[in-house]
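J.:
Number of protein chains: 2
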Amino acid sequence: MTASPSANRDMASSRIFETLKQDLIRGRFAAGEKLAISALKDHYQVGLSPLREALNRLAAYGLLEQVNQRGFRVPAMHIEELDDIAGLRAQLECMALTQAFQAGDSEWESQVLAAQHRLRRADEHPERVEEWEQAHLRFHRALLASCGSHWLLRFIEQLHDQFDRYRRLAPPNPGVREVLDRQHGELVELALSRDIRAARALLDDHIRLSHSVARGCCESPASDDAT
Amino acid sequence: MTASPSANRDMASSRIFETLKQDLIRGRFAAGEKLAISALKDHYQVGLSPLREALNRLAAYGLLEQVNQRGFRVPAMHIEELDDIAGLRAQLECMALTQAFQAGDSEWESQVLAAQHRLRRADEHPERVEEWEQAHLRFHRALLASCGSHWLLRFIEQLHDQFDRYRRLAPPNPGVREVLDRQHGELVELALSRDIRAARALLDDHIRLSHSVARGCCESPASDDAT
DNA sequence: TTGAGTAAAAAAATCGATTTTGTTGAGATG
DNA sequence: CATCTCAACAAAATCGATTTTTTTACTCAA
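For the record, the sequence lines run as chains A and B.
So that you can map any letter, position 159 of the first sequence is 159 in full-length UniProt numbering, and since no number is skipped, the others follow by simple counting.
So that you can map any letter, position 135 of the second sequence is 135 in full-length UniProt numbering, and since no number is skipped, the others follow by simple counting.
#1: For S106(B), count neighbouring Cβ atoms within 10 angstroms of its own Cβ and tell me buried if that reaches 16, exposed if not.
#2: Is there a Cβ from chain B that is less than 7 angstroms from the Cβ of W108(A)?
#3: I'd like to confirm the pairing. Which residues does DSSP put opposite K34(B) in its beta bridges?
#4: Name, please, each residue of chain B whose Cβ falls closer than 7 angstroms to the Cβ of W132(A).
#5: In terms of residues, what are the limits of the alpha helix (DSSP H) holding P174(B)?
#6: Do we get a CB-CB distance below 7 angstroms when we pair H160(B) with the residues of chain A?
#7: Whose C-beta lies closer than 7 angstroms to the C-beta of K34(B) among residues of the same chain, with five residues either side of it excluded?
#8: May I ask you to list the residues that DSSP assigns as paired with E65(A)?
#9: Would you call E93(A) buried or exposed, if buried means 16 or more other Cβ atoms sit within 10 Å of its Cβ?
#10: Let me confirm a value: E53(B) is counted as buried when at least 16 other C-beta atoms fall within 10 Å, else exposed. Which label applies?
#11: In chain B, which residues lie less than 8 angstroms from S149(A) when you measure between Cβ atoms?
#12: By a C-beta neighbour count over all protein chains shown, 10 Å radius and 16 as the cutoff for buried, is M95(A) buried or exposed?
#13: Quick one: does L144(B) have its CB under 7 angstroms from some CB of chain A?
#14: Output, in chain order, the set of chain A residues within a Cβ distance shorter than 7 angstroms of residue 260(B).
#15: Would DSSP call H125(B) helix, strand or coil?
#16: Under 7 angstroms, do L152(A) and F139(A) count as touching if we go by C-beta distance?
#17: At which residue ranges does the stretch 126–174 of chain A contain complete alpha helix (DSSP H) runs of 4 or more residues, listed in the order of the chain?
#18: Does the distance from the C-beta atom of R165(A) to that of A60(B) stay below 7 angstroms?
#19: Quick one: list the residues of chain B neighbouring F163(A), beta-carbon separation under 8 angstroms, in chain order.
#20: Using beta carbons (cut-off 7 angstroms, strictly below), is E53(B) in contact with chain A?
#21: With a 10 Å radius around its C-beta and 16 neighbouring C-beta atoms as the bar for buried, classify S210(B) as buried or exposed.
#22: Under 8 angstroms: do the stretch 127–145 of chain A and the stretch 72–86 of chain A share three or more Cβ pairs, one atom per stretch?
#23: Are R89(A) and F163(A) closer than 7 angstroms when you measure CB to CB?
#24: Tell me, please, whether the stretch 166–174 of chain B touches the stretch 19–38 of chain B by the rule of three or more beta-carbon pairs shorter than 8 angstroms.
#25: Which class does R208(A) belong to by DSSP, given the choice of helix, strand or coil?
#26: For A214(A), does the three-state DSSP call read helix, strand or coil?
#27: Does the CB of A60(A) have a neighbour CB from chain B at under 7 angstroms?
#28: Is A122(A) near A142(A), with beta carbons less than 7 angstroms apart?
#29: Is the distance from the Cβ of A100(A) to the Cβ of L144(A) below 7 angstroms?
#30: Determine, using beta carbons only, whether residue 228(B) comes closer than 7 angstroms to chain A.
#31: Should M1(B) be labelled buried (16 or more other beta-carbon atoms within 10 Å of its own) or exposed?
#32: Would you report the Cα separation of Q158(B) and E157(A), rounded to the nearest angstrom?
#33: By DSSP, does V9(A) sit in helix, in strand, or in coil?
#34: Roughly how many angstroms lie between the CA atoms of A12(B) and P50(A), to the nearest whole one?
#35: Name the two residues that bound the continuous alpha helix (DSSP H) containing E81(A).
#36: By Cβ distance below 8 angstroms, which residues in the same chain neighbour E186(A) in space, the five residues on each side in sequence not counted?
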């Protein structure tokens with residue numbers, strides 16, 4: 001119908017939502033920081049209405065907190081919350097993995113392999129961090145995509161975003177990265193052979209390892225609630 | 001500090017958010033219906049900005065869908081989604097129940113008993129439906145409150161709201177209600193005796209029963225996506 | 001020095017109007 | 001008769017200005 005395939009332009013509030021979401025996950029704002037709305041308005045070059053709509057959506061998503069009559073703030077980060085997020089993420093992803101293995105067809109296998117390939121390609125350019133991050137996210141998405149539960153995938157995605165907020169605080173660690181990458185490969189093999197038990201254990205390890213790395217960097221808490 | 005304990009007035013966008021949320025859960029809008037913003041504005045007597053902010057939050061929460069340049073619509077209801085919601089709800093609540101039993105202290109027990117008492121009181125006035133609904137929600141909240149996972153509780157709450165959208169379509173059924181009420185009492189006993197295994201089985205039954213009732217009323221699908 | 005009170009300043013929330021986009025239907029064209 | 005065009009209309013999205021609330025800075029008395 002429409003002329004070109006790239007015809008759909010998002011409205012401003014959606015664009016600013018995505019941008020702000022990424023910036024929050026990437027840690028471009030300090031934990032606990034109060035967001036100055038007019039400063040954001042200038043920085044992102046958007047109007048007040050789209051900006052406020054995006055902030056409201058982010059608050060409902062859990063990447064911002066809205067305080068009654070005094071605007072929005074970046075949630076404080078606590079090691080207990082990291083533990084909560086990582087533990088729940090492990091449980092939910094293992095749950096989804098089981099269902100994905102049971103329901104996955106050959107189209108799913110193809111998508112997993114394709115995602116793995118993209119992830120390896122991204123690995124070849126260590127300087128392009130964001131490309132690897134996106135490929136990594138998509139790999140984990142593809143692995144669980146066939147689980148059949150829309151809501152489970154939604155929660156896992158949300159937890160993943162929350163987890164990344166913590167994980168990204170840690171400096172890059174080539175040694176750990178290498179182990180994680182190897183695990184990605186093994187996960188693909190186990191997916192193709194539908195070895196649920198081994199895959200669950202591996203995925204659990206995978207998350208546990210990321211967790212412990214992030215945990216090391218959370219020891220010195222970035223901020224806390226004021227009183 | 002402030003004079004009276006009830007001094008905190010919410011801003012308009014929060015009020016309209018709660019009101020609209022309840023109306024959506026209670027099924028006051030048809031599934032799939034497109035919301036006419038200016039009509040909502042008149043009906044709820046609020047301005048455009050607070051209304052749009054509330055709509056955006058509801059969309060992020062999953063009680064509305066935002067279509068790119070054509071406003072908000074009430075999500076269509078599908079029996080497959082009900083199955084997904086109920087199944088996941090059972091799994092997550094059983095998970096939380098286990099942790100709640102392990103971590104629950106005597107204060108938790110007190111709150112559970114208090115919630116049970118309120119639920120029984122509400123039962124005595126069948127005409128006050130909304131009071132029972134609130135007491136029921138609070139009872140299930142209290143039962144899981146000590147699980148220690150903020151995010152798990154958050155997801156369970158969200159699933160509960162989604163589930164209620166379907167459950168409320170069904171007409172009241174005294175027979176079923178009686179069984180569910182008996183289960184509430186048994187859950188309390190099992191909580192006090194920390195019988196995890198039996199409580200999990202019972203909670204699973206509890207949700208399964210609600211599910212099958214709601215399912216009966218979902219057979220004639222309310223609406224579907226247009227093409 | 002401290003603390004309550006208060007006026008000015010800043011920030012958030014809201015409103016009314018404008019701009020942009022999607023929808024509809026009458027008339028033209030093949 | 002079907003389809004296309006385009007103007008008029010309706011609705012959504014956005015903007016700029018106003019109102020409300022919080023925060024800050026200051027004064028004055030205890």
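Cβ atoms here follow ideal geometry from the backbone N, Cα and C, with glycine treated the same way.
Since this is a predicted model, take the numbers as computed values, not measurements.
T.: Reading it off the structure:
#1: It is exposed - the Cβ of S106(B) has fewer than 16 other Cβ atoms within 10 Å.
#2: False, the Cβ-Cβ gap to chain B never drops below 7 angstroms.
#3: Answer is R73(B), bridged to K34(B).
#4: Near W132(A) there are no residues of chain B at all, since even the closest Cβ is about 26 angstroms away, more than 7 angstroms.
#5: Residues P174 to L192.
#6: Cβ-Cβ to chain A under 7 angstroms: no for H160(B).
#7: If the five residues before and after K34(B) are omitted, its C-beta is found closer than 7 angstroms to the C-beta atoms of G71 and R73, all from its own chain and listed in chain order.
#8: According to DSSP, E65(A) bridges with R73(A).
#9: So E93(A) counts as buried.
#10: If you draw a 10 Å sphere on the C-beta of E53(B), you find 16 or more other C-beta atoms in it, and that means buried.
#11: For S149(A), the C-beta contacts it makes with chain B under 8 angstroms involve D84, G87 and L88, in order along the chain.
#12: So M95(A) counts as buried.
#13: For L144(B), no CB of chain A lies under 7 angstroms from its own CB, so it is not counted at the interface with that chain.
#14: No answer is possible for residue 260(B): the residues shown for chain B start at 1 and end at 227.
#15: Coil, per DSSP.
#16: Here L152(A) is not near F139(A), since their CB atoms are 7 angstroms or more apart.
#17: Listed in chain order, the complete alpha helix (DSSP H) runs (minimum 4 residues) inside the stretch 126–174 of chain A are 129–144 and 150–167.
#18: Not a contact, by the Cβ cut-off of 7 angstroms.
#19: For F163(A), none of the residues of chain B pass the 8 angstroms Cβ criterion, the least Cβ distance being about 10 angstroms.
#20: Among the CB atoms of chain A, one or more fall inside 7 angstroms of the CB of E53(B).
#21: S210(B) should be labelled buried.
#22: No: fewer than three Cβ pairs fall under 8 angstroms.
#23: Taking 7 angstroms as the cut-off, the beta carbon of R89(A) is found closer than this to the beta carbon of F163(A).
#24: The stretch 166–174 of chain B vs the stretch 19–38 of chain B: in contact.
#25: DSSP places R208(A) in the helix class (H, G or I) of the three-state scheme.
#26: Here A214(A) carries a helix assignment [DSSP, helix/strand/coil].
#27: Using beta-carbon distances, A60(A) counts as an interface residue toward chain B, with a partner under 7 angstroms.
#28: Cβ atoms of A122(A) and A142(A): not closer than 7 angstroms.
#29: Yes; because the gap between Cβ atoms is below 7 angstroms, this pair is in contact.
#30: Residue 228(B) cannot be examined here, being either before or after the span of chain B that is shown, 1 to 227.
#31: Summary for M1(B): the model assigns pLDDT 36, below 50, so the residue's position carries little reliability, and this model does not support an answer.
#32: Roughly 15 angstroms separates the two Cα atoms.
#33: Checking the displayed sequence, the identity of residue 9(A) turns out to be Arg instead of Val. Look at R9(A) here: in three-state DSSP terms it is coil, with no helix or strand label.
#34: C-alpha separation (whole angstroms): 18 angstroms.
#35: I79 to A103 is the span of the alpha helix (DSSP H), which, as asked, contains E81(A).
#36: Around E186(A): L202.
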